[in-house]
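Number of protein chains: 2
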Amino acid sequence: MKLIKKLTLENDDLIIVWQDGKQSQLFSHWLRDHCQMPVSRNENNGQRLFSIIDIRKDLYIEEVTQDSEGNVCILFQPENHLSVFSQDWLRKNCYDLNNHFDDRSEKNKKLWQKNTFNDGVPKISYNYFHQNIEGKLQVLCSIRDMGFCIIKDAPTKEGQVLAVIKELGFTRETNYGKLFEVRTEVNPNNLAYTNMGLGSHTDNPYRDPVPTVQLLHCLESSTEGGDSVLVDGFNAAKILRQESSDNFLTLTKNWINFRFKDEETDLRSRVPMIEVNDNNEVIKVRYNNRSIDTINLPAVKIRSFYSAYRHWGEVIERDQLKITFQLLPGEIILFDNTRVMHARTAFSKKGKRHLQGAYADLDGLYSLLNILQSKQ
Amino acid sequence: MKLIKKLTLENDDLIIVWQDGKQSQLFSHWLRDHCQMPVSRNENNGQRLFSIIDIRKDLYIEEVTQDSEGNVCILFQPENHLSVFSQDWLRKNCYDLNNHFDDRSEKNKKLWQKNTFNDGVPKISYNYFHQNIEGKLQVLCSIRDMGFCIIKDAPTKEGQVLAVIKELGFTRETNYGKLFEVRTEVNPNNLAYTNMGLGSHTDNPYRDPVPTVQLLHCLESSTEGGDSVLVDGFNAAKILRQESSDNFLTLTKNWINFRFKDEETDLRSRVPMIEVNDNNEVIKVRYNNRSIDTINLPAVKIRSFYSAYRHWGEVIERDQLKITFQLLPGEIILFDNTRVMHARTAFSKKGKRHLQGAYADLDGLYSLLNILQSKQ
Chain A
1 MKLIKKLTLE NDDLIIVWQD GKQSQLFSHW LRDHCQMPVS RNENNGQRLF
51 SIIDIRKDLY IEEVTQDSEG NVCILFQPEN HLSVFSQDWL RKNCYDLNNH
101 FDDRSEKNKK LWQKNTFNDG VPKISYNYFH QNIEGKLQVL CSIRDMGFCI
151 IKDAPTKEGQ VLAVIKELGF TRETNYGKLF EVRTEVNPNN LAYTNMGLGS
201 HTDNPYRDPV PTVQLLHCLE SSTEGGDSVL VDGFNAAKIL RQESSDNFLT
251 LTKNWINFRF KDEETDLRSR VPMIEVNDNN EVIKVRYNNR SIDTINLPAV
301 KIRSFYSAYR HWGEVIERDQ LKITFQLLPG EIILFDNTRV MHARTAFSKK
351 GKRHLQGAYA DLDGLYSLLN ILQSKQ
Chain B
1 MKLIKKLTLE NDDLIIVWQD GKQSQLFSHW LRDHCQMPVS RNENNGQRLF
51 SIIDIRKDLY IEEVTQDSEG NVCILFQPEN HLSVFSQDWL RKNCYDLNNH
101 FDDRSEKNKK LWQKNTFNDG VPKISYNYFH QNIEGKLQVL CSIRDMGFCI
151 IKDAPTKEGQ VLAVIKELGF TRETNYGKLF EVRTEVNPNN LAYTNMGLGS
201 HTDNPYRDPV PTVQLLHCLE SSTEGGDSVL VDGFNAAKIL RQESSDNFLT
251 LTKNWINFRF KDEETDLRSR VPMIEVNDNN EVIKVRYNNR SIDTINLPAV
301 KIRSFYSAYR HWGEVIERDQ LKITFQLLPG EIILFDNTRV MHARTAFSKK
351 GKRHLQGAYA DLDGLYSLLN ILQSKQ
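Protein chains in written order, with our numbering: chain A, 1 to 376; chain B, 1 to 376.
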C-alpha cells in the first residue's frame with residue numbers, strides 16, 4: 001500500500017508527507033538509531049546490535065529514495081550506511097504521529113466508583129478462565145483496565161491461588177511466604193491476621209519493589225461481617241487533584257517512609273503516596289495507615305503535608321468511591337496493588353473466615369495479555 | 001537520662017529546648033499521629049490502629065507536662081486524649097533534628113570507579129558467608145554500599161545460585177525461569193546467550209517492576225575472553241550531572257519505552273533511564289541499548305534527548321569507570337541491578353563458558369541486613 005506522498009530532506013531531518021495529508025519530520029539520529037537492517041538488529045530476537053555511541057556525531061542523510069516496493073531507503077554519511085524502512089514501520093513508529101505505549105498510566109485505565117457497578121460487580125467463572133484463552137483475556141483485560149477481577153466457582157482447595165498465578169505469570173515470594181493465610185491468629189505479626197476491620201489500603205508499601213498484583217482466595221466464610229471493600233486509587237487521586245491540585249502536588253513531591261517490623265523482618269521504604277510519570281499522569285498509589293513510619297519532612301512542609309494527607313485519606317474513605325461485597329467461598333479476587341485499595345469490615349469471632357493470599361507482578365500478566373492479544 | 005531542658009506551647013506547636021541547646025518545634029497533628037500509646041498502636045506489632053481522618057481537624061494541645069520519669073505527656077483536646085512520649089523517642093524521631101531513612105539514594109552509597117579498586121576487587125569466601133553472620137553482613141553491606149559483592153570458592157554445582165539467594169532473601173521468578181543458563185545457544189532469544197560481547201547494561205529494563213538484584217555464578221570458564229565488567233551507574237549519573245545538568249535533567253524528565261519480545265513473552269515498560277527521588281537524588285538507573293523500544297517523545301524534545309542519551313552512553317563506557325575481571329569457576333557475583341551496570345567482553349567459540357544466573361530483590365536483602373545489624 002502506498003502511504004507516502006513525498007519525501008524531502010531539510011537540514012538533518014527527513015520530511016515525510018503522508019497520503020492522508022499528515023506530515024512527519026524525523027531527526028536523522030533517531031532514524032539511524034532505529035535502523036531495522038540485519039546489521040543493526042539481530043534477526044532472531046530483534047535486539048539492537050549497536051549502542052548510541054556507535055552512531056557518529058557528524059551523521060547526516062545524504063540521500064533518501066523509495067525502492068520499487070515503496071520502502072524508504074536512507075543513505076547515511078559519513079559512514080555510508082544504508083537503512084531501508086518499510087512505509088508501514090515508519091508510519092507506526094514515527095514519534096510525531098503515534099502515542100507512546102503505556103499500560104500503567106491513569107489515562108489508559110477505566111476509572112470507576114461505586115455506581116459504576118450498580119448492576120453488580122462482574123465475575124468470571126473459574127472454568128471459563130481455566131479452559132479458554134478468551135477467559136484468560138477477560139481476566140487480564142479486567143485487571144489492566146479496571147484494576148481488578150473476581151473469579152467465581154474456583155475449587156476451594158488450599159494452594160489454589162498459586163495455581164491461578166501459574167496460569168498468568170509468576171508468584172512473588174516474600175517474608176509472608178509464597179502463600180499466606182488470612183485468618184484470625186494468636187499474637188499476629190500483622191493486623192490482617194485478626195478479626196479487626198482494616199481501612200482501605202494498598203499492601204506492602206514498605207516493600208520496594210512493591211508487589212504489583214495481589215490475590216485473595218476465599219476458602220471459608222461463615223462469620224458475620226468481613227465484607228470486602230475496593231476503591232479505585234487512580235480515581236481517588238483524580239478527585240484529589242480536581243479538588244486541590246496543591247494537595248495532589250504535595251503528595252507526589254513529598255515522599256515518606258513506610259516500615260514493617262517483626263522478629264525476623266525489617267522492611268523499610270521511602271516512596272510517594274502518589275507517583276506520577278513524566279507527563280504528570282498517575283502511575284502508582286500507596287496508602288496504608290498501619291505501616292506509615294515516622295513522617296520525616298522538612299519542618300516547613302509539615303503543615304501542608306498533613307493537609308494533603310488528610311484530604312487524600314478523606315477522599316479514599318468516601319462511600320461513593322467504595323464497592324462492597326462478600327467474597328464467597330470459591331471466589332478469588334485479583335487486583336493491581338499499585339492502583340486498587342482494599343479494605344475489609346470487622347467480623348465476628350463466631351464462625352470461620354479463611355482466605356489464602358499471594359502476590360504476583362504485573363509484568364508477567366501484561367506480557368501474557370500482549371501475547372494473547374497479538375494472536376487474536 | 002534527661003534530654004529535655006524546657007517545654008512550651010506555641011499555637012499548635014510543641015517547642016522543645018533540648019539539653020544540648022538544640023530546639024524542636026513539632027506540629028500538634030504530627031504528634032497526635034505518632035502517638036505511641038496502646039490505644040494508638042498494636043502492642044504486638046507496632047502497627048498504627050487509626051487513620052489520619054480519625055484525628056480531629058480542630059485538634060489542639062491543651063497541656064504539656066513531664067512525668068516523674070521525664071516522659072512528655074501531651075493532652076490533646078477536644079478529644080481529651082493523652083499521649084505519653086519518651087524523651088528518647090521524641091529526640092530520635094522529631095523531624096527537625098533527624099534525617100529520614102533512605103537505603104536507595106545515591107547520597108547513602110559509596111560511589112566508585114576503576115581506581116577505587118587499584119588493589120583488586122575484594123572477594124568474600126563462600127564458607128565465611130555461609131557459616132557466619134559476619135560473613136552475611138559483609139556481603140549485604142557490600143551490596144548496599146558498593147552495589148555489588150563477589151563470593152569466591154562456592155561449590156560449582158548447578159543451582160548453587162538459588163541456594164545463595166535462599167540465605168539472603170527470595171528469588172524473583174521470571175519468564176527466564178527461577179534460574180537461567182548463560183551460555184552459547186543456537187537461535188537464542190536473547191543476545192546474552194551468544195558469545196558476543198555485551199555493552200554495559202542493566203538487566204530487564206523492559207520489566208516493571210525490574211528485578212533489583214542479579215546473581216551470576218560461574219560454573220565453567222575455559223574460553224578466551226568473556227571478562228566481566230562492572231560500572232557504578234550512580235557514579236556515572238553523578239558525572240553526567242556534573243558535566244551537564246541539562247542532560248541529566250533531560251534523562252530524568254523524558255521517559256522511554258523498553259521492550260523484550262519472543263514467541264511467548266512480550267514485556268513492555270515506560271520508565272526513565274535515570275530516576276530521582278523527591279530530593280533530586282538518584283535512586284535507580286537503567287541502560288540497555290539492546291532493548292530500548294522505539295523512542296517516542298514530543299518532536300520538540302527529540303534533539304535534546306539524543307544529546308543527553310549520547311552523553312550518558314559515553315560516560316558509561318569510559319574506561320576509568322569500569323572494573324574488569326574474570327569471573328572464575330566457583331565465583332558468584334551479586335549486584336544491585338538498579339545501580340550497577342554489567343558488561344562482558346566477547347569470547348572464543350573454543351572452550352566452554354557456563355554461568356547460571358538468577359534474580360532476587362533488594363527488599364529481602366535489606367530486611368535481613370537491618371535485622372542482623374540490630375542484633376549486633
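Where is the CB? At the ideal position from N, CA and C, for every residue including glycine.
Exposed or buried, what is residue i when buried is set at 16 or more other beta-carbons lying within 10 Å of its beta-carbon?
i	result
serine 269/B	buried
methionine 37/B	exposed
lysine 136/B	buried
lysine 261/B	buried
lysine 350/B	exposed
serine 24/B	buried
aspartate 20/B	exposed
proline 122/B	exposed
isoleucine 316/A	buried
glycine 357/A	buried
threonine 250/A	buried
lysine 377/B	With chain B running from 1 to 376 in the structure shown, residue 377/B is simply not present.
lysine 57/A	exposed
valine 213/A	buried
asparagine 108/B	exposed
valine 39/A	exposed
valine 282/B	buried
Can you tell me which residues form a DSSP beta bridge with residue i?
i	result
lysine 261/A	Asp266/A
tyrosine 60/A	Gln77/A
valine 182/B	Leu355/B
serine 83/B	Ile74/B
glycine 177/A	Thr174/A
glutamine 66/B	Val72/B
Suppose contacts are defined by Cβ-Cβ distances below 8 Å. Is residue i in contact with residue j by that definition?
i	j	result
phenylalanine 258/A	arginine 339/A	no
glutamate 331/B	isoleucine 150/B	yes
glycine 199/A	alanine 343/A	yes
histidine 217/A	alanine 308/A	no
phenylalanine 85/A	valine 64/A	no
glycine 169/A	leucine 365/A	yes
alanine 360/B	leucine 219/B	no
serine 51/A	asparagine 289/B	yes
leucine 31/B	serine 83/B	yes
arginine 353/B	threonine 223/B	yes
isoleucine 378/A	isoleucine 292/A	Outside the displayed range of chain A (1 to 376) lies residue 378/A, so it cannot be described from this structure.
serine 367/A	asparagine 175/B	yes
valine 271/B	aspartate 319/B	no
phenylalanine 117/B	isoleucine 323/B	yes
leucine 49/A	histidine 29/A	no
leucine 9/A	isoleucine 16/A	no
lysine 152/B	leucine 162/B	no
Of the choices the options, whose alpha-carbon is the least far from that of residue i?
i	options	result
arginine 303/B	Asn254/B, Glu331/B and Asp262/B	Asn254/B
asparagine 195/B	Leu327/B, Gly177/B and Val186/B	Val186/B
leucine 334/B	Gln160/B, Arg207/B and Val139/B	Val139/B
threonine 202/A	Met273/A, Lys110/A, Gln25/A and Ile256/A	Met273/A
isoleucine 410/A	Arg286/B, Glu263/B and Ala346/B	The shown model of chain A, from 1 to 376, leaves out residue 410/A, and the question about it has no answer.
serine 244/A	Met341/A, Asn45/A and Glu314/A	Glu314/A
glutamine 47/B	Trp18/A, Leu191/A, Leu111/A and Met146/A	Leu191/A
tyrosine 287/B	Pro329/B, Ile323/B and Asp232/B	Asp232/B
asparagine 11/A	Arg56/A, Ile133/A, Ile55/A and Ile61/A	Ile61/A
leucine 97/B	Asp88/B, Asp103/B, Arg172/B and Arg104/B	Asp88/B
aspartate 145/B	Pro329/B, Arg310/B and Asp102/B	Asp102/B
tyrosine 306/B	Arg104/A, Met1/A, Leu26/A and Thr8/A	Leu26/A
cysteine 35/A	Ile15/A, Leu75/A and Lys5/A	Leu75/A
isoleucine 295/A	Cys94/B, Lys284/B, Tyr206/B and Lys152/B	Cys94/B
aspartate 363/A	Ser105/B, Met1/B, Ala346/B and Leu267/B	Leu267/B
glutamine 326/B	Glu69/B, Leu14/B, Leu111/B and Val229/B	Val229/B
Pick out the complete beta strand (DSSP E) segments inside the segment 120-164 of chain A, 3 residues or longer, and give them in chain order. 123-125 and 148-152
3-residue-minimum beta strand (DSSP E) runs that sit fully inside the segment 8-55 of chain B, ordered along the chain: 13-18 and 23-27
Where in the segment 193-252 of chain B do unbroken runs of the alpha helix (DSSP H), each at least 4 residues long, occur, reported from the N-terminal end onward? 233-243
Ignoring anything shorter than 4 residues, give me the alpha helix (DSSP H) runs that lie fully in the segment 276-353 of chain A, in order along the chain. 302-316
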